[in-house]
Every structure is written in C-alpha cells, then in structure tokens.
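Novice:
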Amino acid sequence: MVSSTDNATLTHDIIAELADLSDSQRRTMAERWATSALRIHHLQALMLLEEGGPLMMSRLASALGLSVSNATGIVRRMEQRELVERVRLGSDRRHMVVRLTAVGRTLVESMETAHRQQLAGILRGMGRERQENLLRGLRDLRAAIESLEGMDGTDRSEGLDGTDRSEG
8 MVSSTDNATL
18 THDIIAELAD
28 LSDSQRRTMA
38 ERWATSALRI
48 HHLQALMLLE
58 EGGPLMMSRL
68 ASALGLSVSN
78 ATGIVRRMEQ
88 RELVERVRLG
98 SDRRHMVVRL
108 TAVGRTLVES
118 METAHRQQLA
128 GILRGMGRER
138 QENLLRGLRD
148 LRAAIESLEG
158 MDGTDRSEGL
168 DGTDRSEG
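In our numbering, the protein residues as written are 8 to 175.
Structure representation (structure tokens):
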C-alpha cells in the first residue's frame, strides 16, 4: 500500500517532470520563433485563431490580455504580412472579425509540423516498451482530465468566439 506521503512525493515528481518538459518545449519554440520576424503576440494570435476560428476583435484582444487598440495594431501588422484579415460584420465598422488567411494557416501548420517532427525524433530515441508505457500513461492522463471537465461548470464545447464547437 502506498502511503499518502509517498503519493504526495510521486505527485510532486510528476508535476515537476511535466513542468520541465513544458519549459523545454517553450524554449525550443521560442528559439524557433526568434528566427522568424514574428513577435510573441503575433504567434499567440495565430494560435488563438487556429484553435478558436474567427474572433471578434474585442474577444481576440481579451484573449491576448491587451487593449482593443493594442490588439488592432498587432492585427494591422499581421494583415500587412497577409497572415490575417479583418471582416466587418454588418454596417457597423466597430464590429470586426479577425480570421486567418491561407498564408496564416500555412504558417501555423508549418510550426505544428516542425513540433511533431521534433517529438517524433525524441520518441525514436526511446525503446518500444517505453513508448508503449508512455502512451498508456498519456491516455490515462487524458481520461483523468476528461473526467474532470465539466465539474467546474465550464462548457468546453464553446469556442472563444462564443459559437458552439461541438457540432461539425
């Protein structure tokens, strides 16, 4: 039987390992981003738009932790690079939706491909048994996360733009 102290130590060690892995991935991505001409807010906006689809300018600003005027400046620079476009909703020019262009989507896809290739290289260095153990552990972690979802009353099916993402 595992004591609560041993369990707490194990939990602490797992969290420390996950944090170290996350930090390592962030450093690798930061190095990759540093070679591009994009700033961190540009990359965050690209990821938000890829994940959440088109967003109202105010919603994008909020997700980035910026004022609408600062977010507008970032979006303007991204438009100049043809990464995003703004589309007016109706006749009110204050209601703008920001969405990825084909160029922006290609950039996000290339970053995701590079990340997957890096992970594949790491996994190739592990033996089959260790890979299988890792896969089982990750599936168990996903199941534990999914069992907790919704317990806090949060509906994870709603996108950042307020639309229902559970359909299609």
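We put the beta carbon where it would ideally sit given N, CA and C, even for glycine.
Would DSSP call E89 helix, strand or coil?
Specialist: Reduced to three states, the DSSP call for E89 is coil.
Novice: Grab the span of the beta strand (DSSP E) containing L114 for me, first residue to last.
Specialist: Per DSSP, L114 belongs to no beta strand (DSSP E); it is in the alpha helix (DSSP H), 109-131.
Novice: In whole angstroms, what is the alpha-carbon distance linking T18 and E24?
Specialist: T18 and E24: Cα-Cα distance of roughly 10 Å.
Novice: What is the DSSP secondary structure of L17, reduced to helix, strand or coil?
Specialist: Residue state, collapsed to three classes: helix.
Novice: Does DSSP classify L142 as helix, strand or coil?
Specialist: L142: helix per DSSP, three-state reduction.
Novice: Does the structure place the region 87-100 close enough to the region 108-121 that three or more beta carbon pairs sit under 8 Å?
Specialist: Yes, the region 108-121 is in contact with the region 87-100.
Novice: Measure the Cβ-Cβ separation of M85 and V94 and say whether it is below 8 Å.
Specialist: Contact: no.
Novice: What's the call for L28, buried or exposed, on a 16-neighbour Cβ count within 10 Å?
Specialist: Looking at its Cβ environment, which holds fewer than 16 other Cβ atoms inside 10 Å, L28 is exposed.
Novice: Would you say I81 and H49 are within 8 Å of each other, going by their C-beta atoms?
Specialist: Contact flag set, yes.
Novice: Do L62 and L71 have their C-beta atoms within less than 8 Å of each other?
Specialist: No, they are not a contact pair.
Novice: Whole angstroms are fine: how far does the CA of V105 sit from the CA of E130?
Specialist: For clarity, residue 130 is Leu in the given sequence; the question names Glu instead. In a straight line, the C-alpha of L130 is about 37 Å away from that of V105.
Novice: Q32 to M64, Cα distance in whole Å?
Specialist: Their Cα atoms are separated by approximately 29 Å.
Novice: My output table needs one value for R106: the three-state DSSP class, helix, strand or coil.
Specialist: Looking at R106 - three-state DSSP - the assignment turns out to be strand.
Novice: Assuming R46 is part of the alpha helix (DSSP H), what are its boundary residues?
Specialist: No alpha helix (DSSP H) contains R46, which DSSP labels as neither H nor E.
Novice: Tell me the residue span of the alpha helix (DSSP H) that contains M158.
Specialist: Neither: M158 is in no alpha helix (DSSP H) and is coded neither H nor E.
Novice: What are the boundary residues of the alpha helix (DSSP H) that includes L71?
Specialist: Here the alpha helix (DSSP H) through L71 covers 64-71.
Novice: Quick check on this structure: which residue in L142, E136, E57 has the alpha carbon closest to the alpha carbon of E119?
Specialist: Taking only the C-alpha atoms, the option nearest E119 is E57.
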